[in-house]
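>
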Amino acid sequence: MSSLITFYLEMLFVSLFFWLIHLLLRKHTGPAFRRFYLLGWLLFSVLFPLTSIQTRRAPDMNLGTLVSESIGTAEPNNEDLINDILIGKEFEESNIQPILNNNSSNVIEWTSIFFIIYIAISFFFMMRILLGLFQIFSIRRNAISSLEQGIRIYEVPDKSFKGASFFNWIFIGSSIYEGRRIIFKHELAHSELIHSFDILISQIYSALFWLNPFAWILRRIIGINTELEVDAKLLQTEERASYANTLLSLSQRTKPALMNHFSAHHLKSRIVALTSPTKHKNWTLLFSIVSTIILFFTVSCEKISSSEMLLNERMIDVRKITTRFTSHQIDTQQKTGKVVSIASYHPDGTLDEFVEQTTYPYDRKYEIKREFWQVPNKNLLPHIMDGLSLGKAENNFLYGHDWPAAYARNLKNKPQSGDFWRDIVEVDNDDLPNQILRKMELVNPDKFIELGSPERTEYFEYQDRKLMKIFSKTEYAIDENGNKTRITLRLGAEKSLTDDQKEIQSRMKKKSEIKRLSASYEYDQDLLTRVVLGDYERRFYYENSLLTKSEYFKDGEVLNTRIHYYDDGLKDRTEILNRYSEREYTIHYEYEFWEE
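In this note's numbering, the protein residues as written are 197 to 792.
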């Protein structure tokens, strides 16, 4: 929904720009020039909002300690999974509770209703266009075909019908005698200039983007301009006053839909244009080109908001970030003031170390130095400093939407340890892996044998280098009771299995879990908006590409919400609210800078 609103706002801006330029140039340009300008208006008002010149890489918004930790475990524990989900509480401040009290499901419902209404109205207008096409075919079917000056025309047996055309079909009323020559030349000119394309495309444009008022203005202007262009062409061979009188006497009020027609609509504008012809001035072409280029770079370039630019500038000089916890619950006030985490940076801006000192529920000492797969995104790292898990989205924040590549490199380069076994990692593509196989191999197979070593395969799906889905499959051994098992046995001096060991081995069977979906991702352009993990999901909301709100859901109901606030270009605090929109905790951000 937000992308649709953004699209419409940019379309309105572009349309307003072209309309103002049109008002400025219309008295200094001919209809032929204005035709291409108007079609350019129509085209660019759609393309500009869709086009983005990447002046920089857009922030990769993804979250998920659950991935970095549980992605390597053979069997994630349900209790740990639920704890990680509950840890990821996201909240809002009390002064915006009226907004939060509107359950997100209601917002989604109203959004869906609006979208359905929008599509229904567009469908109605498109059906009108199809009806107009049907009417044209009906007129042609009932008309009498004949040749006039070597050109096929269709004579319409309707006394009120004067003349019209649709692409290379020319229609003239069978009762028309006086002025027939002018009507024929007029409609032939429409056909040669392919004006039906202009009419049809403007009709479709207004049907699809009916909410844009400039769509209807543009449609009207295009209709007038096609007539003015034909008038200008016929005046090259026709006497001006005679042609103007013919327009007055032969124009018709009714018109076939989608057809160029000998119409009385806008007749005053046409007569004025006939009596006061405009002269095309060379400067108008240059002005139009320059102004369009300026508009292109104004609208189409990826816009970086002032707050986002300030964020980038301020983060360059950050030496240290400390987050502290404040409780708003009466029975937990002793937690207030505790340090949650500390991130320290080198002078070149790279991360020195990241230490978590406590985590949810903030009443226990955590004190662990966090290791990363590769250098994390400095601007987005603060989003994981609240001491709450961000689940299957955190890796996107830290490493980008194609984070499985960093994950695979980390697994392959990770030092191996263990007295009995070591990890073996097989990656099909180091650049963007489609699957990663993890299994175990004995360190000393001459002394030990391991029965039932599990193998875990992870599968990844992408679109435009954005991770879309994760699947997993595990192969493990089960004993005679159906339990998963792994047995490491020390071999005897003969380096062979005893009878008992062979019996154990014979009783064990291999079984594979089916390939199952672990998580799915949704995006709005380059911003992560939704991550689904079974019955759980996380949703993310942005303003000017900055994450401002996060929500956690279980079975479609909001568990908690986090609201992120910024000050002077840096993240100032995170307010954490429960499912009742009550403020429970606040995470404050403290910054130290190198220049200090």
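C-beta: ideal position from N, C-alpha, C; glycine also.
Using the beta-carbon count (16 or more within 10 Å), is T555 buried or exposed?
Burial call: buried.
> Quick one: what's got a C-beta closer than 6 angstroms to F550's C-beta in the same chain, skipping five residues either side?
A539, R566
> Reducing DSSP to helix, strand and coil, say where K590 ends up.
Looking at the sequence provided, one finds Glu at residue 590 rather than Lys. Helix, per DSSP.
> Taking all protein chains shown into account, do 16 or more other C-beta atoms lie within 10 angstroms of the C-beta of H542, making it buried, or fewer, making it exposed?
With fewer than 16 Cβ atoms within 10 Å of its Cβ, H542 is classed as exposed.
> Looking at the structure shown, is M581 part of a helix, part of a strand, or coil, going by DSSP?
Taken through DSSP and simplified to helix, strand or coil, M581 comes out as coil.
> If you drop the 5 nearest sequence neighbours on each side, which residues of the same chain put their C-beta closer than 8 angstroms to that of T442?
G375, I378
> Could you tell me how far apart the beta carbons of Y655 and Q631 are, in whole angstroms, since I believe they sit closer than 8 angstroms?
5 angstroms
> With DSSP collapsed to three states, give me the class of S371.
coil
> Does L773 pass the burial test, meaning 16 or more other C-beta atoms within 10 Å, or should it be called exposed?
buried
> Please report the distance separating the alpha-carbon of F311 from that of H597.
Annotation: F311 to H597 spans about 28 angstroms, alpha carbon to alpha carbon.
> Counting pairs of beta carbons, one from the region 335-346 and one from the region 425-434, are three or more of them closer than 8 angstroms?
no
> For the structure I just gave you, are there three or more beta carbon pairs, one from the region 351-367 and one from the region 329-336, closer than 8 angstroms?
At 8 angstroms Cβ cutoff, the stretches touch.
> Cutting at 6 angstroms between CB atoms, please list the residues of its own chain near T519, excluding the five before and the five after it.
V536, S537, M581, I783, Y785
> Any heavy atom of the ligand COA inside 7 angstroms of the beta-carbon of E563?
Ligands in the displayed structure: none, and consequently the ligand COA is not present.
> Are the beta-carbon atoms belonging to W790 and D548 less than 8 angstroms from one another?
In this structure, D548 does not lie closer than 8 angstroms to W790 by Cβ.
> Is the distance from the Cβ of L607 to the Cβ of F593 below 8 angstroms?
no
> Among residues of its own chain, excluding the 5 on either side of R415, which ones have a beta-carbon nearer than 6 angstroms to its beta-carbon?
S398, S402
> Identify which residue in R337, Y781, E383 has its Cα closest to the Cα of K534.
Among R337, Y781, E383, the Cα nearest to that of K534 belongs to Y781.
> Could you tell me how far apart the beta carbons of A601 and P629 are, in whole angstroms, since I believe they sit closer than 8 angstroms?
7 angstroms
> For L396, tell me which candidate among E206, D720, I217, R324 has the shortest Cα-Cα distance.
R324
> Where does V623 fall in DSSP's three states?
strand
> Relative to the C-alpha of R734, which residue among D722, N740, V754 is closest?
V754
> Looking at the strands, I want to know which residues DSSP matches up with M636.
Per DSSP, the beta-bridge partners of M636 are D619.
> Please determine, among L404, A228, H218, I313, the residue with the shortest C-alpha to C-alpha distance to F203.
L404
> Only counting the same chain, and skipping five residues up and downstream in sequence, which positions put a Cβ closer than 6 angstroms to that of K705?
I674
> Nearest to Y595 by CA position, among I413, P572, L586, V621, is which residue?
Ranking the options by Cα distance to Y595, first place goes to P572.
> Tell me which same chain residues have a C-beta within less than 7 angstroms of the C-beta of T725, skipping the five on either side of it?
E718, Y719, R735, F736
> What do you get for G346, buried or exposed, if any count of 16 or more other CB atoms within 10 angstroms of its CB means buried?
That one is exposed.
> One question on the structure: do E651 and E637 come within less than 8 angstroms of each other, judged by their Cβ atoms?
No; because the gap between Cβ atoms is not below 8 angstroms, this pair is not in contact.
> What did DSSP end up calling V242 once you bin it into helix, strand or coil?
V242: helix per DSSP, three-state reduction.
> Answer with buried or exposed for R661, where buried requires no fewer than 16 other C-beta atoms within 10 angstroms of its C-beta.
exposed
> So W237 and F209 are in contact, right, with Cβ under 8 angstroms, and what is the actual spacing, rounded?
Not really, about 13 angstroms apart at Cβ, beyond 8 angstroms.
> Is A270 helix, strand or coil by DSSP?
Any reading at A270 needs caution, since the residue's pLDDT is 34, under 50, leaving its predicted position unreliable; the model's value is listed next. Coil at A270, not helix or strand.
> Return the bridge partner residues of T170 from the DSSP annotation.
Since the displayed the chain opens at 197 and closes at 792, residue 170 lies outside it and no answer follows.
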